[in-house]
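What follows is one structure encoded as structure tokens, with my remarks underneath.
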């Protein structure tokens, strides 16, 4: 339904509401007449897809960490949840089990945080969960003695809850860019790191020297 709020002194005749076009004719209307106010209120429209429940929540409240996708729509290089873990698809093939069998999708995927390899075989018409993956770049400010990165975003907000990566190659790269402790002969460079977030986990997946003048 559509809720229409009007102060009683300024409410137009209901018949005028239907002259706006055919789109309004598809909704039921509930008219709420408010007491007269000093200044007129503009009409507020709240169109609800569900005619039974009216719920209000912030944009990020209850945001899902995954969404369903049909197996046949998955692609190599994309993401998928296998055995409860957020993974990246590295191999994918489709085959049939027999004359009357359903097509099967065979996936090989690696955990985006641990690198562990997983396999899955599912009917092509079935849905699998796909993780919502976010990638964000931060400026590296410091590395604590217990191995946590001190990061700053573009707005100047600090973040101190991401651990130094376990990947040895990435650790070497990070140490070369941002040695701790800094010495006269081994200076720290302006360094940016890439943080990947999915399903409540996050990790540093790359580091690079910040552009000059950034």
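Residue numbers (the numbering used here): 324 to 537.
No residue lacks a Cβ here, since even glycine has one placed at the ideal position from N, Cα and C.
These figures come from a predicted structure and were not determined experimentally.
**Study point:** For residue 495, the first and last residue of its enclosing alpha helix (DSSP H)
**Key:** Per DSSP, residue 495 belongs to the alpha helix (DSSP H) from 491-500.
Check your understanding: What is the rounded straight-line gap between the Cα of residue 437 and the Cα of residue 514?
Key -> 23 Å
Review point. Quick one: Cα of residue 398 to Cα of residue 406, how far?
Key: 18 Å
Check your understanding: With 16 other CB atoms within 10 Å as the buried threshold, where does residue 440 fall?
Key -> exposed
Practice item. Please confirm whether any heavy atom of the ligand ADP lies closer than 7 Å to the CB of residue 502. Key: As presented, the structure is devoid of all ligands, the ligand ADP included, so that no description of it is given.
Exercise for review: Following the continuous beta strand (DSSP E) through residue 429, name the residue where it begins and the one where it ends.
Suggested key: 426-434
Check your understanding: So which of 497, 455, 430 has the shortest CA-CA distance to residue 391?
Key -> For residue 391, the nearest C-alpha among the options comes from 455.
**Study point:** Endpoints, the beta strand (DSSP E) within which residue 393 is located
**Key:** 389-393
Exercise for review: In the DSSP assignment, find the unbroken beta strand (DSSP E) run with residue 530 in it and report its ends.
Suggested key: 524-532
Check your understanding: Which value, in whole angstroms, describes the spacing of the CA atoms of residue 493 and residue 528?
Key -> 8 Å
Review point. Expressed to the nearest angstrom, what Euclidean distance is found between the alpha-carbon atoms of residue 496 and residue 509?
Key: 14 Å
Review point. Do residue 412 and residue 404 have their CB atoms nearer than 8 Å?
Key: It is not a contact, given that the beta carbons lie outside the stated cut-off.
Point to revise | Of the listed residues 424, 442, 433, nearest to residue 416 (C-alpha basis) | key: 442
Check your understanding: What do you reckon, are the CB atoms on residue 461 and residue 482 nearer than 8 Å?
Key -> yes
Point to revise | C-beta atoms of residue 522 and residue 409 nearer than 8 Å | key: yes
Exercise for review: Alpha carbon to alpha carbon, how far is residue 504 from residue 585? Give it in angstroms, no decimals.
Suggested key: Shown here, the chain extends from 324 to 537; a query on residue 585 therefore has no answer.
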